[in-house]
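Trainee: Residues in the sequence shown are numbered from -8 upward in steps of one, following our numbering.
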Amino acid sequence: MISSEHALLIIDMQQGLFHGPVSPYQADALLANVCLLIEKARQAEVPVFFARHTGPDDSPFSAQSPFNPTAA
């Protein structure tokens, strides 16, 4: 049953954030938790939306930094 009241929004899961000079705190656990949330949302037929910030080419937010496929 699709709910019009709920959605999951995933923000800034670019590969550059995980493989750049500074990665998120407990990056592996963070990625595992995001993947679990996505899986649970899809099982519940809750829409999942992905958003990303973009920044300069030499930053982790570069437009060329692909989305982390593990969290897709």
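Each residue gets a CB set at the ideal place from its N, CA and C atoms; glycine is no exception.
Since Val25 sits in a beta bridge, which residues does DSSP pair it with?
Mentor: Residue numbering aside, residue 25 sits at position 34 when the sequence shown is read from its first letter. DSSP lists no partner for Val25.
Trainee: Considering only C-alpha positions, which residue in the set Asp48, His44, Arg33, Pro15 is nearest to Ala(-2)?
Mentor: For the purposes of this step, residue -2 is taken as residue 7 along the sequence shown, with counting starting at 1. The residue with the shortest Cα to Cα distance from Ala(-2) is Arg33.
Trainee: Just to check my reading of the structure: Phe40 and Leu0 have Cβ atoms closer than 8 Å, yes? What is that Cβ distance to the nearest angstrom?
Mentor: Against the sequence shown, residue 40 aligns to sequence position 49. Against the sequence shown, residue 0 aligns to sequence position 9. Their Cβ separation, rounded to whole angstroms, is 5 Å, which keeps Phe40 and Leu0 in contact under 8 Å.
Trainee: Can you tell me the Cα-Cα spacing of Val25 and Asp48, whole angstroms?
Mentor: In the sequence shown, residue 25 corresponds to position 34, counting from 1. In the sequence shown, residue 48 corresponds to position 57, counting from 1. Distance between the alpha carbons of Val25 and Asp48 is about 26 Å.
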